[in-house]
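K.L.:
Quick note, the sequence shown lines up with residues 0 to 221 if you use numbering that gives the first Met the number 0.
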Amino acid sequence: MIRLTLAIVGRELMLSWRRRAVAIGGLMFFVIASSLFALALGPDPKLLHAVAPGVVWVTALFAAMLSTGQLFGHDYSSGALEQMLLSPQPLALIVLGKVLAHWLTSGFALTLLVPVVALQYDLDFTAVLPLMGSLLLGTPLLSLLGAIGAALTLGVRGGGVMLGLLVLPLDVPVLIFGAGAANAAADPAWASANFSLLAAALCLGVWLCPWASAAALRIAME
């Protein structure tokens with residue numbers, strides 16, 4: 000199963016490189032949107048420090064959603080998705096591999112850009128580290144939940160709008176826990192509790208979301 004998952008991840012990363020404009024567009028959106036918030040709020044260091052976790056998390060959420068709609072779209076249009084459904088391999092495992100590849104090109108890449116964004120908010124290392132840690136735990140959940148929405152809206156006209164309406168309410172707890180964990184000014188016990196909630200939600204999501212996405216794909220293809 001591990002070999003199959005790695006093979007799927009490799010295939011998806013290769014396809015993402017061929018369509019790299021989508022991934023690069025999401026990363027550029029993250030940097031530009033975060034920068035615009037910093038410019039609009041002004042040079043007040045206290046204000047910038049206070050809003051930085053929330054701003055980074057909101058922009059990361061929307062940046063990840065930009066490419067979520069394409070998670071199954073190209074396979075659906077090319078007919079590869081039908082072959083995946085007929086494969087003897089568990090569809091949930093295939094979905095997990097696709098989600099992992101999506102996270103590597105969106106959530107993980109966004110996390111690596113956080114130190115660049117943090118410069119505009121005058122965040123030091125002690126503030127950047129928990130912010131990156133919360134994104135490393137939370138962005139996989141965004142990809143997992145986005146996969147469910149992408150499967151449910153597969154082949155639907157105006158699926159991008161429907162995807163946002165379906166996924167955003169599910170992403171709200173992740174956003175709250177992530178911003179709470181990244182808030183360096185908060186009580187350490189509160190930040191630790193939010194990290195624990197993110198980790199627990201990620202474990203639950205890795206177990207349930209691929210199966211839910213696989214069921215939604217089977218329904219969409221019927």
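The C-beta atom is built at its ideal place from N, Cα and C for all residues, glycine as well.
In chain order, what residues of the same chain have a beta carbon less than 7 Å from the beta carbon of V54, not counting five sequence neighbours either side?
P.N.:
Looking up residue 54 in the sequence shown gives position 55. Correct list, in chain order: S33 and F36.
K.L.:
When you compare the segment 115-125 with the segment 144-159, are there three or more beta-carbon pairs, one atom per stretch, that lie closer than 8 Å?
P.N.:
no
K.L.:
My guess is that L60 and H101 are in contact by the Cβ rule of under 8 Å, so how many angstroms apart are they, rounded?
P.N.:
In the sequence shown, counting from the first residue as 1, residue 60 sits at position 61. In the sequence shown, counting from the first residue as 1, residue 101 sits at position 102. L60 to H101, Cβ: 14 Å. No contact.
K.L.:
For the alpha helix (DSSP H) containing T104, name the first residue and the last one.
P.N.:
Working through the sequence shown from its first residue, we reach residue 104 at position 105. Looking at the DSSP string, the run of the alpha helix (DSSP H) that includes T104 is L90 to T104.
K.L.:
Could you check which residue in A91, L14 and R18 has the C-alpha nearest to that of S212?
P.N.:
Your numbering for residue 212 matches position 213 in the sequence shown. The shortest Cα separation from S212 among A91, L14 and R18 belongs to A91.
K.L.:
Using 8 Å as the threshold, is the segment 159-172 in touch with the segment 136-150, meaning 3 or more CB pairs across them?
P.N.:
The way I'd put it, the segment 159-172 does touch the segment 136-150; three or more beta-carbon pairs between them come closer than 8 Å.
K.L.:
Check whether the segment 104-112 touches the segment 73-88, taking contact to mean three or more Cβ pairs, one atom from each stretch, closer than 8 Å.
P.N.:
no
K.L.:
When you compare each of A180, A198, W189 and L3 to P87 by their alpha carbons, which one comes out closest?
P.N.:
Taking the first residue of the sequence shown as 1, we reach residue 87 at position 88. When only C-alpha atoms are compared, the closest one is L3.
K.L.:
What's the C-alpha gap between V224 and L38?
P.N.:
Only positions 0 to 221 of the chain appear in this structure, which leaves residue 224 out of reach.
K.L.:
Leaving out five residues on either side along the sequence, give the residues of the same chain with a beta carbon under 6 Å from the beta carbon of A181.
P.N.:
Locating residue 181 in the sequence shown gives position 182, where the first residue counts as 1. Hits under 6 Å: P52, P129, L130 and S133.
K.L.:
Taking the straight line between their C-alpha atoms, what separation do you get for D186 and A199?
P.N.:
By 1-based counting over the sequence shown, the position of residue 186 is 187. By 1-based counting over the sequence shown, the position of residue 199 is 200. Cα to Cα, D186 sits roughly 20 Å from A199.
K.L.:
Can you tell me the Cα-Cα spacing of A190 and G179, whole angstroms?
P.N.:
Your numbering for residue 190 matches position 191 in the sequence shown. Your numbering for residue 179 matches position 180 in the sequence shown. Spanning the two alpha carbons is a distance of roughly 6 Å.
K.L.:
Less than 8 Å between the beta carbons of L26 and A62, yes or no?
P.N.:
The residue given as residue 26 occupies position 27 in the sequence shown. The residue given as residue 62 occupies position 63 in the sequence shown. Against a cut-off of 8 Å, the Cβ pair of A62 and L26 comes out as a contact.
K.L.:
Grab the span of the alpha helix (DSSP H) containing Y75 for me, first residue to last.
P.N.:
Here the question's residue 75 lines up with position 76 in the sequence shown. Run containing Y75: G72 to S77, per the alpha helix (DSSP H) assignment.
K.L.:
Taking the CB atoms as reference points, tell me whether L95 and L216 lie closer together than 8 Å.
P.N.:
Translated into positions along the sequence shown, residue 95 becomes position 96. Translated into positions along the sequence shown, residue 216 becomes position 217. Going by C-beta atoms, L95 is not nearer than 8 Å to L216.
K.L.:
Which complete beta strand (DSSP E) runs does the segment 30-79 hold, if anything under 3 residues is left out?
P.N.:
none
K.L.:
Which class does N193 belong to by DSSP, given the choice of helix, strand or coil?
P.N.:
The count along the sequence shown starts at 1 and reaches residue 193 at position 194. Looking at N193 - three-state DSSP - the assignment turns out to be helix.
K.L.:
Decide if T125 is buried, meaning its Cβ has at least 16 other Cβ atoms within 10 Å, or exposed.
P.N.:
For this step, residue 125 is matched to residue 126 along the sequence shown. Burial call: exposed.
K.L.:
For G266, collect the residues of the same chain with a Cβ closer than 7 Å to its Cβ; drop the 5 residues on either side in sequence, then sort them by chain order.
P.N.:
Only positions 0 to 221 of the chain appear in this structure, which leaves residue 266 out of reach.
K.L.:
So the candidates are P42, L65 and L99; which of them puts its Cα closest to the Cα of L5?
P.N.:
Here the question's residue 5 lines up with position 6 in the sequence shown. Nearest C-alpha to L5: L99.
K.L.:
Given a cut-off of 8 Å, decide if S66 and V8 are closer than it, judged by their beta-carbon atoms.
P.N.:
Against the sequence shown, residue 8 aligns to sequence position 9. Against the sequence shown, residue 66 aligns to sequence position 67. No, the pair does not count as a contact, with Cβ atoms beyond the cut-off.
K.L.:
Give me the residue from V205, F176 and L46 with the minimum Cα distance to W56.
P.N.:
Your numbering for residue 56 matches position 57 in the sequence shown. The residue with the shortest Cα to Cα distance from W56 is F176.
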